[in-house]
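Beneath this line is the structure, given in structure tokens, with notes to follow.
Numbering (my numbering), first residue to last: 32 to 286.
See the structure below:
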């Protein structure tokens, strides 16, 4: 069941989302060639305001074999989501496609956001992947209108992605706010007009995850990491979005 949020709670979510956006942008700015991946998790402590908490740290979703050990997910190239930076001995290389995904708790409310980017010089293939994923996110957000259905978001994402990229059907968006994961599930594929209706006050994390190769994925032995089965590049963009009487409001973006 969708747990709607009040106007005051949505206002607090905007504050939370702005703080999270600032943190993600600061982490992105330090991603340079030669940076040890593990240092990204260490840097989070200096970026989170004292009154806030990391939402992912020690969070254990249903079915997980252990709590998540980090404050931020860092996924690189063929790693789609949930990469564990503290257990990664690599250093960033020029041309790496990096996704930083994190959540923040502010006044007992949670936001969730992710951004993908290329370290150093990019190329046409990587630019196309990132642009398509970002466009799919915003196409989905436009459909987060009161009275619309989850399927309207899903269909818009799928149509924008098209046939040139894979959608990983096992990986989906979700409700967020009181918990990291709430109802409804928000797939990145589907049929318009289907699924739960979106009442005013719905808060959801919309997050297309797409790749350049096949749609098969592998769940890593660490219990969290998902990779492309064929080693192809992937990308992931995410915003927390509130459904209001005036339409969708992105709460995880900078003013």
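Built from N, CA and C at the ideal position, the CB exists for glycine as well.
Keep in mind that this is a model prediction, so the values were computed, not measured.
If you draw a straight line from the alpha carbon of residue i to that of residue j, how long is it in whole angstroms?
i           : j           : result
residue 267 : residue 121 : 20 angstroms
residue 55  : residue 85  : 12 angstroms
residue 175 : residue 51  : 21 angstroms
residue 96  : residue 115 : 14 angstroms
residue 88  : residue 72  : 10 angstroms
residue 250 : residue 261 : 13 angstroms
residue 98  : residue 61  : 27 angstroms
residue 125 : residue 148 : 12 angstroms
residue 286 : residue 46  : 10 angstroms
residue 199 : residue 158 : 19 angstroms
residue 40  : residue 48  : 12 angstroms
residue 104 : residue 254 : 13 angstroms
residue 225 : residue 185 : 9 angstroms
residue 171 : residue 256 : 25 angstroms
Looking only at its own chain, which residues have a Cβ that is under 8 angstroms from the Cβ of residue i, when we skip the five neighbours before and after it?
i           : result
residue 168 : 188, 237, 238, 239, 268, 269, 270
residue 32  : 214
residue 156 : 243, 264
Contact defined as beta carbons within less than 8 angstroms: I believe residue i pairs with residue j. What is the distance between those atoms, to the nearest angstrom?
i           : j           : result
residue 1   : residue 123 : No statement about residue 1 is possible, as the shown extent of the chain runs from 32 to 286 and does not include it.
residue 208 : residue 44  : 7 angstroms
residue 107 : residue 129 : 5 angstroms
residue 180 : residue 227 : 7 angstroms
residue 144 : residue 133 : 7 angstroms
residue 278 : residue 235 : Their Cβ separation, rounded to whole angstroms, is 14 angstroms, which puts residue 278 and residue 235 out of contact at 8 angstroms.
With residue i as the anchor, note down where its beta strand (DSSP E) starts and where it stops.
i           : result
residue 240 : 240–242
residue 259 : 257–259
residue 275 : 270–275
residue 266 : 265–267
residue 122 : Premise fails: residue 122 is in no beta strand (DSSP E) and is neither H nor E.
residue 235 : 234–237
residue 204 : 204–206
Kindly indicate which three-state DSSP category residue i falls into: helix, strand or coil?
i           : result
residue 97  : coil
residue 246 : coil
residue 146 : strand
residue 213 : strand
residue 60  : helix
residue 134 : strand
residue 45  : helix
residue 172 : helix
residue 251 : coil
residue 140 : strand
residue 77  : helix
residue 280 : strand
residue 159 : helix
residue 40  : helix
residue 152 : coil
residue 82  : coil
At which residues does the alpha helix (DSSP H) containing residue i begin and terminate?
i           : result
residue 185 : 181–192
residue 114 : Looking at the DSSP string, residue 114 is not in any alpha helix (DSSP H), and its letter there is neither H nor E.
residue 69  : 69–74
Ordered along the chain, which non-local residues of its own chain (more than five positions away) have a Cβ less than 6 angstroms from that of residue i?
i           : result
residue 164 : 239, 241, 266, 268
residue 24  : One cannot answer for residue 24 here, as it falls past the ends of the chain, which runs 32 to 286.
Does the Cβ of residue i lie closer than 8 angstroms to at least one heavy atom of the ligand ZN?
i           : result
residue 242 : This structure lacks the ligand ZN, and indeed carries no ligand of any kind.
Cutting at 7 angstroms between CB atoms, please list the residues of its own chain near residue i, excluding the five before and the five after it.
i          : result
residue 92 : 212
residue 64 : 123, 124, 125, 150, 151
residue 83 : 50, 135, 136, 137
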